[in-house]
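Here the sequence shown is numbered in our numbering, starting from 306 and rising by one per residue. Glycine is no exception: its CB is placed at the ideal position from the N, C-alpha and C atoms. Fair warning: this is a prediction, and the values are worked out from it, not measured in the lab. Have a look at the structure below before the remarks.
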Amino acid sequence: MNDLVAVGLAGFAAAFVDGALGMGFGPTSSSILLSAGISPSGVSATVNIAKVVTGVAGGASHWRFGNIDKRLVARLAIPGVFGALLGTYILTNVDGDQMRPVLAGLLLLIGIRILMRFRRPIASNTTRETSRTQLRGVEIAGAAGGVTNGLIGAWGPIVTPFLLHRGVMPRMVVGSVNTAEIAVAFVAAGSLISAGGEVAVATVAAMLIGGVIAAPFAAWGVRHVPARALGLAVSFLLLFTNVRELAGWQDLGLARWWAYGAVVLLVTWAALHPRIAARRQQHEPVTVG
306 MNDLVAVGLA GFAAAFVDGA LGMGFGPTSS SILLSAGISP SGVSATVNIA
356 KVVTGVAGGA SHWRFGNIDK RLVARLAIPG VFGALLGTYI LTNVDGDQMR
406 PVLAGLLLLI GIRILMRFRR PIASNTTRET SRTQLRGVEI AGAAGGVTNG
456 LIGAWGPIVT PFLLHRGVMP RMVVGSVNTA EIAVAFVAAG SLISAGGEVA
506 VATVAAMLIG GVIAAPFAAW GVRHVPARAL GLAVSFLLLF TNVRELAGWQ
556 DLGLARWWAY GAVVLLVTWA ALHPRIAARR QQHEPVTVG
């Protein structure tokens with residue numbers, strides 16, 4: 306019973322992070338279930354079932370708060386579904402753990418790039434509609450996110466950073482990514498179950514209860530989080546989770562805490578960068594002539 310309560314709390318935390326940042330539910334939940342001894346295919350099936358239900362709750366909340374771009378949802382969901390089928394096929398035929406270090410390394414690079422972008426103040430995006438330039442290449446990102454979602458339940462970490470790089474309004478990114486994820490997770494779960502993936506019913510139920518409760522809080526919160534703070538939070542999530550993944554892969558032991566500390570210092574530097582730059586300008590000598 307205590308284990309199910311813990312899973313429920315984890316589901317709440319994962320769903321809140323996912324709803325507020327557009328990523329995090331799959332990687333967080335997957336690590337919990339893998340530590341419980343469930344097979345990789347069973348983990349992906351369980352996580353994706355939970356994501357479908359929490360995604361419906363989150364999508365309804367984002368629609369209520371006006372955080373959804375319908376064109377963006379369609380252009381993400383359709384290629385994402387085909388990517389999910391490919392990802393689940395790979396997972397049922399190749400050991401998914403072999404893919405983790407590669408994915409973690411790529412996501413680490415994305416996290417650093419996001420951090421560099423948001424280390425400076427950015428202009429507030431007040432337009433609700435995304436431009437054609439911003440939508441260019443979205444299908445490729447959706448397909449790639451579908452593949453990783455089928456493998457380890459990671460959809461948002463691939464798609465959300467791509468859209469933030471393109472300058473799409475952060476709350477529209479989060480709402481649209483979470484809504485498109487419903488179709489992707491549904492197809493991934495169905496594909497894995499049909500291939501014989503095990504499903505922990507009690508664990509799914511506990512995750513769902515926590516996730517559904519968290520969904521409206523996350524959708525409300527994303528409207529009130531400044532764009533720069535949201536970007537820094539996304540980068541921290543990517544950096545920390547993937548440094549942890551690589552540290553576990555290399556079995557760094559206590560040395561991993563140096564890596565965690567480096568992540569904290571790097572994000573702190575990025576958060577304080579505008580103040581540091583302003584002080585430097587104040588102390589720069591003024592040249593005459």
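Selection from the options that minimises the alpha carbon distance to residue i
i, options, result
"Pro332", "Phe541, Pro475, Pro462 and Ala538", "Pro462"
"Leu338", "Asn372, Val322 and Val506", "Val506"
"Gly495", "Ala389, Gly442, Phe545 and Ala576", "Ala389"
"Leu497", "Asn372, Arg422, Gln403 and Leu391", "Leu391"
"Ser334", "Arg369, Thr508, Leu413 and Gly566", "Thr508"
"Gly447", "Ile417, Asn483 and Met421", "Asn483"
"Leu414", "Arg561, Val548, Arg425 and Trp562", "Val548"
"Gln373", "Leu577, Val478, Arg561 and Ala567", "This sequence places Ile at residue 373; Gln is not what is there. Answer by Cα proximity: Val478."
"Ala519", "Asn353, Pro345, Ile354 and Gly364", "Gly364"
"Gly416", "Leu537, Ile383 and Glu550", "Leu537"
"Ala576", "Met421, Val443 and Arg437", "Met421"
"Phe467", "Ser499, Leu381, Thr397 and Arg561", "Leu381"
"Gly410", "Leu557, His578, Pro579 and Leu551", "Leu551"
"Gly451", "Arg441, Ile383, Ala311 and Arg437", "Ile383"
"Trp525", "Phe370, Val310 and Ala311", "Phe370"
"Ala500", "Ala311, Lys375, Thr397 and Leu469", "Thr397"
"Ser366", "Trp562, Val517, Ala582 and Arg561", "Val517"
Where residue i falls, given that 16 or more other Cβ within 10 Å makes a residue buried
i, result
"Lys356", "buried"
"Gln439", "buried"
"Arg424", "buried"
"Thr431", "Below a pLDDT of 50, predicted positions are generally treated as unreliable, and Thr431, at 44, falls in that range; the measurement from the model is reported next regardless. By the neighbour-count rule (16 or more Cβ atoms within 10 Å), Thr431 is not buried but exposed."
"Val407", "exposed"
"Leu559", "exposed"
"Ile445", "exposed"
"Gln586", "exposed"
"Ser481", "buried"
"Pro579", "exposed"
"Ile419", "buried"
"Ala582", "exposed"
"Ala449", "buried"
"Val310", "exposed"
Neighbourhood of residue i by C-beta, 6 Å cutoff - its chain only, sequence neighbours within 5 removed
i, result
"Val322", "Gly329"
"Val492", "Val386 and Ala389"
"Thr393", "Gly455, Ala493, Ser496 and Leu497"
"Arg471", "Gln439"
Under the three-state DSSP convention, the category residue i falls into
i, result
"Pro384", "helix"
"Gly364", "helix"
"His529", "coil"
"Val474", "This sequence places Met at residue 474; Val is not what is there. In this structure, Met474 counts as coil in the three-state DSSP scheme."
"Arg441", "coil"
"Leu314", "helix"
"Val504", "coil"
"Gly458", "coil"
"Ser344", "coil"
"Phe467", "helix"
"Thr431", "Since pLDDT at Thr431 reaches only 44, below the 50 mark, its modelled position is unreliable, and no value is offered."
"Val399", "coil"
"Arg294", "In this structure the chain extends from 306 to 594, so residue 294 is not present and cannot be described."
"Asn372", "coil"
"Gly451", "helix"
"Leu577", "helix"
"Leu559", "helix"
"Gly329", "coil"
Any C-beta of chain D under 8 Å from that of residue i
i, result
"Arg585", "You won't find chain D in this structure, because it holds only one protein chain."
Neighbourhood of residue i by C-beta, 7 Å cutoff - its chain only, sequence neighbours within 5 removed
i, result
"His546", "The amino acid at residue 546 is misidentified as His; the sequence shows Thr. These residues qualify, in order along the chain: Pro332."
"Ile395", "Leu456"
"Val464", "Leu381, Ala446, Gly447, Gly450 and Val482"
Cβ-based neighbour list, residue i, same chain, cut-off 8 Å, excluding 5 preceding and 5 following
i, result
"Asp400", "Pro345"
"Val504", "Gly347, Ala350, Thr351, Ile354 and Ile498"
"Val312", "Ile337, Thr508, Ala511, Met512 and Gly515"
"Arg584", "none"
Determine contact between the region 485-496 and the region 360-376, defined as no fewer than three beta-carbon pairs at a distance below 8 Å. yes
Across the region 456-473 and the region 340-354, are there enough close Cβ pairs to call them in contact, namely three or more that are closer than 8 Å? yes
Cβ contact (3+ pairs, closer than 8 Å) linking the region 310-321 and the region 503-515: yes
For the region 539-556 against the region 566-582, are there 3 or more C-beta pairs whose distance is under 8 Å? yes
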